[in-house]
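For reference, the structure is listed below as structure tokens.
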Amino acid sequence: MVEKAKSKGKELEEKLLFKSKNLSERGTEFFRKSNDFCEGYKKFLCNKTEREIVDYTTSLLEKTGYKKFVPGTKYKAGTKVYFNNRGKNLIMVTIGKKDISEGVRIGASHIDSPRLDFKPVPFFEDTELAYFKTHYYGGIKKYQWSAIPLSLHGVITLKGDKLLKVVIGEDPNDPSFCVTDLLPHLAKDQMKKNASEVITGEQLNILIGSWQFKDDEVSQKVKLNIADIIFQKYGIVEEDFLSAELCAVPAFTPKDVGFDRSMIGAYGQDDSVCAYANIMAEIDIKDPTYTTITVLADKEETGSDGPTGLSSMFLIDFIEELASAYGVELRRVLSKSMCISSDVNSAYDPAFGENYEKMNCSYLNHGPSISKYGGAGGKYSTNDASAEMMYFIREIMDENDITWQVGELGKVDGGGGGTVAMYISSHNVDTVDFGVPVLSMHSPYEVTAKADIYMLYLAMKAFYLCPRGKQ
Numbered sequence: 091m092v093e094k095a096k097s098k099g100k101e102l103e104e105k106l107l108f109k110s111k112n113l114s115e116r117g118t119e120f121f122r123k124s125n126d127f128c129e130g131y132k133k134f135l136c137n138k139t140e141r142e143i144v145d146y147t148t149s150l151l152e153k154t155g156y157k158k159f160v161p162g163t164k165y166k167a168g169t170k171v172y173f174n175n176r177g178k179n180l181i182m183v184t185i186g187k188k189d190i191s192e193g194v195r196i197g198a199s200h201i202d203s204p205r206l207d208f209k210p211v212p213f214f215e216d217t218e219l220a221y222f223k224t225h226y227y228g229g230i231k232k233y234q235w236s237a238i239p240l241s242l243h244g245v246i247t248l249k250g251d252k253l254l255k256v257v258i259g260e261d262p263n264d265p266s267f268c269v270t271d272l273l274p275h276l277a278k279d280q281m282k283k284n285a286s287e288v289i290t291g292e293q294l295n296i297l298i299g300s301w302q303f304k305d306d307e308v309s310q311k312v313k314l315n316i317a318d319i320i321f322q323k324y325g326i327v328e329e330d331f332l333s334a335e336l337c338a339v340p341a342f343t344p345k346d347v348g349f350d351r352s353m354i355g356a357y358g359q360d361d362s363v364c365a366y367a368n369i370m371a372e373i374d375i376k377d378p379t380y381t382t383i384t385v386l387a388d389k390e391e392t393g394s395d396g397p398t399g400l401s402s403m404f405l406i407d408f409i410e411e412l413a414s415a416y417g418v419e420l421r422r423v424l425s426k427s428m429c430i431s432s433d434v435n436s437a438y439d440p441a442f443g444e445n446y447e448k449m450n451c452s453y454l455n456h457g458p459s460i461s462k463y464g465g466a467g468g469k470y471s472t473n474d475a476s477a478e479m480m481y482f483i484r485e486i487m488d489e490n491d492i493t494w495q496v497g498e499l500g501k502v503d504g505g506g507g508g509t510v511a512m513y514i515s516s517h518n519v520d521t522v523d524f525g526v527p528v529l530s531m532h533s534p535y536e537v538t539a540k541a542d543i544y545m546l547y548l549a550m551k552a553f554y555l556c557p558r559g560k561q
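In terms of my numbering, the sequence shown opens at residue 91 and continues consecutively.
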């Protein structure tokens with residue numbers, strides 16, 4: 091069959107105009123590879139806190155040849171090492187063939203997600219029902235967290251400095267927990283409230299029991315019964331909650347979404363989706379030209395503060411430790427380094443299309459999204475990537491046949507959000523945001539496209555392996 095010649099206009103359109111491509115055009119083999127890659131991702135998603143992700147990833151690293159980083163050691167090219175910071179951060183490194191003075195390639199993602207953290211004194215009884223009080227963590231729509239199954243995760247430091255790890259509600263044989271909601275028959279006044287007030291922060295109490303301890307001399311019989319159950323099973327007394335990091339998260343299991351199984355629905359995909367792609371790219375690269383550093387950060391959802399957030403010096407201190415073994419000054423390494431801040435972007439949702447500017451938003455199945463800047467109206471609180479850095483990434487993507495797109499979070503005056511990019515770029519590191527589009531971001535059940543996830547993995551490998559440095 092003779093192929094029809096393209097018109098002059100069609101030739102000019104393809105040559106001159108930019109349009110992102112749908113990954114469906116790559117066919118069934120690419121879809122199969124995306125599916126296969128995401129089977130590992132769904133297992134990864136079963137780890138729902140930063141500590142669980144660090145533990146899971148550390149085990150994965152040790153199985154694939156990584157060794158603990160030893161300060162002062164001059165490693166040979168190709169060596170793979172890791173560093174664990176406080177059980178909440180993980181830094182993975184593959185030593186490159188070029189001297190570290192030529193800079194490093196950094197891939198940064200965060201592994202904390204919005205949730206319900208326990209208050210320091212959480213345990214109470216009211217009208218013969220027992221609860222845990224919470225203080226929500228990160229940006230959530232509070233009403234989305236009522237009347238859904240919740241599981242309890244975290245750690246408790248007991249006397250003798252013993253760390254007890256807690257996961258209750260994920261196993262089918264475990265009990266479940268929930269925040270209650272008001273029945274529609276009595277919700278006339280509730281339904282008149284603004285969405286932010288339909289459920290208040292102080293109403294996000296987790297229901298944990300109703301059966302009384304049989305003793306007429308006890309005033310809080312349900313609370314005592316639950317306290318006794320917890321003590322008998324875990325050896326915990328109420329005072330131990332003061333030295334605990336506990337939270338409630340959705341008890342949903344990661345699942346394929348859609349008849350075509352092209353998407354994944356799960357809690358915590360912001361930003362586990364980018365973290366997993368980065369981790370697997372870091373593990374799979376061999377003998378890179380430049381040293382690669384993959385970092386998993388904590389506290390992004392609350393401003394990146396504290397010793398495990400990227401506004402602290404834990405990453406920079408690590409790079410200095412690494413550079414000092416080679417006799418190289420930190421500032422020289424940073425000035426020649428480049429970073430992809432790999433965080434999610436909002437996928438266009440036609441149900442809420444009025445909140446997006448269609449020319450500058452991200453779409454499912456169009457590949458990972460490059461964001462020149464984030465922040466809010468006026469570009470406040472953001473990194474703004476340079477033209478040179480944007481072109482460098484464009485060039486790598488095009489050379490490696492990576493399908494990608496560009497995107498802002500939404501309309502200029504519609505709101506906004508930040509990533510860890512500005513904390514890394516503040517150390518004189520060229521940085522750009524690049525991540526997977528997400529539907530229902532920050533909800534208990536976020537949705538991503540498998541093809542976008544796999545393509546981000548390929549993109550991160552291409553970035554890590556690119557032999558060219560900064561000009």
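Glycine is no exception: its CB is placed at the ideal position from the N, C-alpha and C atoms.
Since we're looking at a predicted model, the values are computed, not measured.
- Annotation: K311 to A220 spans about 9 Å, alpha carbon to alpha carbon.
- Under the 10 Å beta carbon count, N315 is surrounded by 16 or more other beta carbons and is classified as buried.
- In the displayed model, N179 falls within a strand according to three-state DSSP.
- In the three-state reduction of the DSSP assignment, P210 falls in the strand class, which pools E and B.
- As DSSP reads the structure, L297 sits in a beta bridge with Y221 and C268.
- The DSSP-derived three-state label of P340 is strand.
- Taking 8 Å as the upper bound for CB-CB distance, A338 and L206 are in contact here, some 4 Å apart.
- Taking C-beta atoms under 8 Å as the contact rule, Y544 and F134 fail to qualify, at a distance of about 14 Å.
- When DSSP reads this structure, C429 sits in a beta bridge with I196 and T521.
- In this structure, M479 lies away from V519, with their beta-carbon atoms at least 7 Å apart.
- Put simply, of G507, K100 and H456 the residue whose alpha carbon is nearest the alpha carbon of G228 is G507.
- According to the DSSP assignment, S149 belongs to no beta strand (DSSP E) but to the alpha helix (DSSP H) extending over E140 to K153.
- Three or more Cβ pairs closer than 8 Å define a contact, and the region 380-395 meets that threshold against the region 195-204.
- Here N368 carries a helix assignment [DSSP, helix/strand/coil].
- In terms of Cβ geometry, F321 and I298 do not form a close pair [threshold 7 Å].
- Here DSSP, grouped into helix, strand and coil, assigns P378 to coil.
- Beta-bridge pairing by DSSP links N174 to L180.
- Here the alpha carbon of D360 sits roughly 6 Å from the alpha carbon of S203.
- Beta-bridge analysis with DSSP links R205 to Y227.
- Shown here for S471: same chain residues with a beta carbon closer than 6 Å to its own, the five before and five after excluded, namely G465 and G508 in chain order.
- N455 carries a coil assignment under DSSP once its states are collapsed to helix, strand and coil.
- A straight line joining the alpha-carbon of G525 with that of Q495 spans about 10 Å.
- Pairing Y535 with G348 gives a Cβ-Cβ distance that is not under 7 Å.
- CA-CA distance, T147 to N368, rounds to 11 Å.
- Distances from the alpha-carbon of E292 to those of L336, K304 and F222 put F222 closest.
- Residue state for V288 is assigned as helix, using DSSP reduced to three classes.
- Using a 10 angstroms sphere on the CB of Y233, the tally of other CB atoms reaches 16 or more, which defines it as buried.
- Excluding the 5 residues flanking it on each side, E390 has same chain C-beta neighbours closer than 8 Å at H200, D202, D361, G399, L400, D433, T509 and V510, in chain order.
- A direct Cα-to-Cα measurement between I230 and P557 gives close to 41 Å.
- The Cβ neighbour count for G358, taken over all protein chains shown within 10 Å, is at least 16; the residue is labelled buried.
- Residue environment for N179: buried (at least 16 other C-beta atoms within 10 angstroms of its C-beta).
- Runs of the beta strand (DSSP E) lying entirely within the region 434-506, each at least 3 residues long, are 459-461 in chain order.
- Around the beta carbon of N284, fewer than 16 other beta carbons lie within 10 angstroms, which makes this residue exposed.
- Under the three-state reduction of DSSP output, V363 falls in the helix class.
- Pairing A477 with K462 gives a Cβ-Cβ distance that is not under 7 Å.
- The residue among A539, I483, I514 and L412 with its C-alpha nearest the C-alpha of A549 is I483.
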